[in-house]
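Data first, discussion second: the structure below is written as structure tokens.
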Amino acid sequence: MGFATEDGQNFLRYDSSTRTTGGRVDLERLLAPVVPGKIVAVGLNYRDHAREMAHEIPKEPVLFIKPSTAVIGPGEAIRYPSQSSRVDYEAELAVVIGRTCKDAPAASARDFILGYTCFNDVTARDLQAKDGQWTRAKSFDTFAPLGPWIVTDLHDPHDLELTARVNGEIRQSSSTANLIFNSFDLVEFVSHVMTLNPGDVIATGTPAGIGPMNRGDEVEIGIQGIGVLRNPVV
Numbered sequence: 060m061g062f063a064t065e066d067g068q069n070f071l072r073y074d075s076s077t078r079t080t081g082g083r084v085d086l087e088r089l090l091a092p093v094v095p096g097k098i099v100a101v102g103l104n105y106r107d108h109a110r111e112m113a114h115e116i117p118k119e120p121v122l123f124i125k126p127s128t129a130v131i132g133p134g135e136a137i138r139y140p141s142q143s144s145r146v147d148y149e150a151e152l153a154v155v156i157g158r159t160c161k162d163a164p165a166a167s168a169r170d171f172i173l174g175y176t177c178f179n180d181v182t183a184r185d186l187q188a189k190d191g192q193w194t195r196a197k198s199f200d201t202f203a204p205l206g207p208w209i210v211t212d213l214h215d216p217h218d219l220e221l222t223a224r225v226n227g228e229i230r231q232s233s234s235t236a237n238l239i240f241n242s243f244d245l246v247e248f249v250s251h252v253m254t255l256n257p258g259d260v261i262a263t264g265t266p267a268g269i270g271p272m273n274r275g276d277e278v279e280i281g282i283q284g285i286g287v288l289r290n291p292v293v
């Protein structure tokens, strides 16, 4: 049996060789809910975060790409790279694309969105400062925790509480109502730059309160109506 989406519709496909057993198997662990062809991330998309990073408020979305090889699922370990001495969490709402999308207007963006999930835009902050651009700092393996699942029926994705906790202590607390460019705006903007394919992810940006994670920590990204994404740091 397989699960897939086609033209925004979910469907199950049964292999003819399968049979029902009537039994149940305990869930061992959750995998990342999607392995995207690309992750299009958005920087400085909350005013308070732009200010804490000493940047001007952007007049249009600031885009960068994270590789799919950085994706991990719930419970998987974020690995500290040997090149870095400061690795930060960044709590974000992620948009999962459900249909091929090119030049979509914001007014019809919902038609191209499969659903939403939690995302941690893990960043080697010292390397970001050293390099003067973001690719290396945000592209290490395990630097894109995603999950725990995709929620397809959010009534209003732009009014959700968003938090980051480290070892149970709240470090970020905001709302997606504070996004400068909301998810529909971003689908329009990104799809006018590049084609978005089913399974692609847009990470919508992080609010103020970013900070370091250390080996041995547990990081939780929580979004109202979606759930909590937990990952240890090693």
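In the working numbering, the protein residues as written are 60 to 293.
Every residue, glycine too, gets a C-beta built ideally from N, C-alpha and C.
- The beta carbons of E151 and A262 sit closer together than 7 Å.
- Leaving aside the five residues that flank A236 on each side, the residues in its chain whose CB is nearer than 7 Å to its CB run, in chain order, H217, D218.
- Here V210 is near G174, since their CB atoms are less than 7 Å apart.
- Contact check for T128 and D180: beta-carbon distance about 15 Å, past the 8 Å limit, so the pair fails to qualify.
- Membership of V246 in the alpha helix (DSSP H) is indicated by the continuous run 242-250.
- Within its own chain, the residues whose Cβ lies closer than 6 Å to the Cβ of V146, once the five positions on either side in sequence are excluded, are Y139, A183, M272, listed in chain order.
- Per DSSP, the beta bridge partners of L288 are I280.
- DSSP places L186 in the helix class (H, G or I) of the three-state scheme.
- Secondary-structure assignment with DSSP links R274 through no beta bridge to anything.
- Counted as a single uninterrupted DSSP element, the stretch harbouring A129 is not any beta strand (DSSP E), since DSSP gives it neither H nor E.
- Taking 7 Å as the cut-off, the beta carbon of L255 is found closer than this to the beta carbon of I156.
- When DSSP states are grouped into helix, strand and coil, N256 belongs to the coil group.
- In this model, M253 and K161 are separated by some 7 Å (Cα to Cα).
- The beta carbons of R230 and G268 sit closer together than 7 Å.
- Excluding sequence positions up to five before and after I239, its CB lies within less than 6 Å of the CB of N104, all in the same chain and listed in chain order.
- In the three-state DSSP reduction, N237 falls in the helix class (H, G or I).
- A direct Cα-Cα distance of roughly 39 Å separates E277 from A166.
- When the Cα atoms are used, Y148 and G81 turn out to be separated by approximately 42 Å.
- Note on V293: under 16 other CB atoms within 10 angstroms of its CB, so exposed under the neighbour-count rule.
- Taking the CA atoms as reference points, V154 sits about 13 Å from I282.
- By the Cβ neighbour-count rule, Q187 is buried, with 16 or more other Cβ atoms within 10 Å of its own.
- Your pair G134 and N290 checks out as a contact, with CB atoms roughly 7 Å apart and the cut at 8 Å.
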